[in-house]
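**Q** My questions all concern the structure below.
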Amino acid sequence: MKRSTTTALATVLFTMSSASAGEIPSVLEELTLGGQAVTPSSVEPAPMNGWYEVRLRTGETLYTDANARYVLAGQLFENRNDQVVNLTAQQRREQRLAQLDELDDSAYITYSAEGEEKSAITVFTDITCPYCQQLHQDISELNAAGITVRYLPFPRRGVSSPSGQRMASIWCSKYPRHALNQAFNGQTAPVGDEAKVCQPTLEQVYSLAQQFGVRGTPATVLPNGELGEGYRPVDQLVQAVSRATGNH
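Numbering (mature numbering (1 follows the signal peptide of the UniProt record, and there is no 0)), first residue to last: -21 to -1, 1 to 227.
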C-alpha cells in the first residue's frame, strides 16, 4: 500500500468516527448499498471507534459508520510500533476457524494423522477436480508427516449438479472414506437415496465456502485459518502447515 493511500485512509477513518462501538445499529443488519438491499453474514464493531466491520455472504468485508453513509471496501491495517498488521486478514482467519468448528463432525471425511497428530488442515474438495485427485494421492504422505486431512464437499458446478449428487451420496454412504477413495480412483457408483440425507450438509458447506471466498478446488484452510487455493506438492504443503503452526 502506498504511503499516500495509507495516510488518506487513516484520515478518513478517524475524522468520521463519532459513534461509540456498542450495540449494532439496526440499519446495518439490513444494508442498502446503491439502492440494493444487502443482508450481511455478520456485523461486528471495528477497531476504530464508531465503525463496524460488515462481512457479506460473498466473503467480502466492508467498513461502515453507524448510519451506513460512509463505506470503505478493502483491508484495514494497524500501524504498530514494530510492524504493520493486516487486521482484516487476521479477523478472517479467526472467523474461518470458528465457523469450521461449528460444523457437525458428519460434514467431514477425515483421514487422521499416523501416530501423534501435529496439526490438521481442512480441504474443500471436488471429485471431478484433477488437482483434488492429485492431492488425494498425497494423503498417506501427509498423514505420515503427522497432518490430519479433513475434507469438506465443494462441488464446483453446484450442489444440485450430478457431481454434487454423487458427493452427497459419498458423504452419507456407510463407508465414506472408501466411497471417496473409489471416486478419486475413477470408479463411478450410482447415486443412492442417502444423497437426499446429506443434501442439507452440502448446502451448508457450499454456502460456507462462498463466505470464505472459495473460488476453486482444492482450497485448503491451514491451522491458523489462512486460506489457500490450488494444489501444492507435499513438501510445500508441509512447510506451509509448519509455518501456520509456528513450527518453522
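For every residue, glycine included, the Cβ atom is placed at its ideal position computed from N, Cα and C.
Because the structure is a prediction, the values reported are computed rather than measured.
1. Please classify T199: does DSSP put it in a helix, a strand, or coil?
2. Go through the segment 109 to 168 residue by residue and report every complete run of the alpha helix (DSSP H) that reaches 4 residues or more, in order.
3. Output the distance between the C-alpha atoms of T101 and C111, rounded to the nearest integer angstrom.
4. Is G38 near Q190, with beta carbons less than 8 Å apart?
5. Roughly how many whole angstroms lie between the Cα atoms of P132 and L41?
6. My output table needs one value for S85: the three-state DSSP class, helix, strand or coil.
7. Along the chain, where does the alpha helix (DSSP H) containing Q189 start, and where does it finish?
8. Helix, strand or coil for Q218, going by three-state DSSP, please let me know.
9. Would you tell me roughly how many angstroms separate the C-alpha atoms of L201 and E173, rounded to the nearest one?
10. Whose C-beta lies closer than 8 Å to the C-beta of Y31 among residues of the same chain, with five residues either side of it excluded?
11. By alpha-carbon positions, which one of Q116, K175, L51, I118 ends up nearest to R145?
12. Pairing CB atoms from the segment 153 to 169 with CB atoms from the segment 192 to 210, are three or more of them under 8 Å?
**A** This is what the structure gives:
1. As a working mapping, residue 199 is identified with position 220 in the sequence shown. In the displayed model, T199 falls within a strand according to three-state DSSP.
2. For the segment 109 to 168, whole alpha helix (DSSP H) runs of length 4 or above, ordered along the chain, are 109 to 115, 118 to 123, 141 to 150, 155 to 163.
3. Here residue 101 refers to the residue found at position 122 when the sequence shown is read from its first residue. Here residue 111 refers to the residue found at position 132 when the sequence shown is read from its first residue. For the pair T101 and C111, the Cα-to-Cα distance works out to about 13 Å.
4. Taking the first residue of the sequence shown as position 1, residue 38 is located at position 59. Taking the first residue of the sequence shown as position 1, residue 190 is located at position 211. Yes; because the gap between Cβ atoms is below 8 Å, this pair is in contact.
5. Within the sequence shown, residue 132 is the residue found at index 153, counting from 1. Within the sequence shown, residue 41 is the residue found at index 62, counting from 1. If you take the alpha carbons of P132 and L41, they lie about 28 Å apart.
6. Locating residue 85 in the sequence shown gives position 106, counting from the first residue. Under the three-state reduction of DSSP, S85 is assigned to helix.
7. Mapped onto the sequence shown, residue 189 falls at position 210. For Q189, the enclosing alpha helix (DSSP H) covers residues 173 to 191.
8. The residue given as residue 218 occupies position 239 in the sequence shown. The answer is helix: DSSP assigns Q218 an H, G or I state.
9. Looking up residue 201 in the sequence shown gives position 222. Looking up residue 173 in the sequence shown gives position 194. If you take the alpha carbons of L201 and E173, they lie about 31 Å apart.
10. Against the sequence shown, residue 31 aligns to sequence position 52. If we look at Y31 and ignore the five residues flanking it on each side, its Cβ neighbours are A(-1), I3, P4, L7, V22, E23, P24, A25, Y42, T43, D44, A45.
11. In the sequence shown, counting from the first residue as 1, residue 145 sits at position 166. Restricting attention to Q116, K175, L51, I118, the CA atom closest to the CA of R145 is found in K175.
12. Contact between the segment 153 to 169 and the segment 192 to 210 is absent, because fewer than three Cβ pairs lie under 8 Å.
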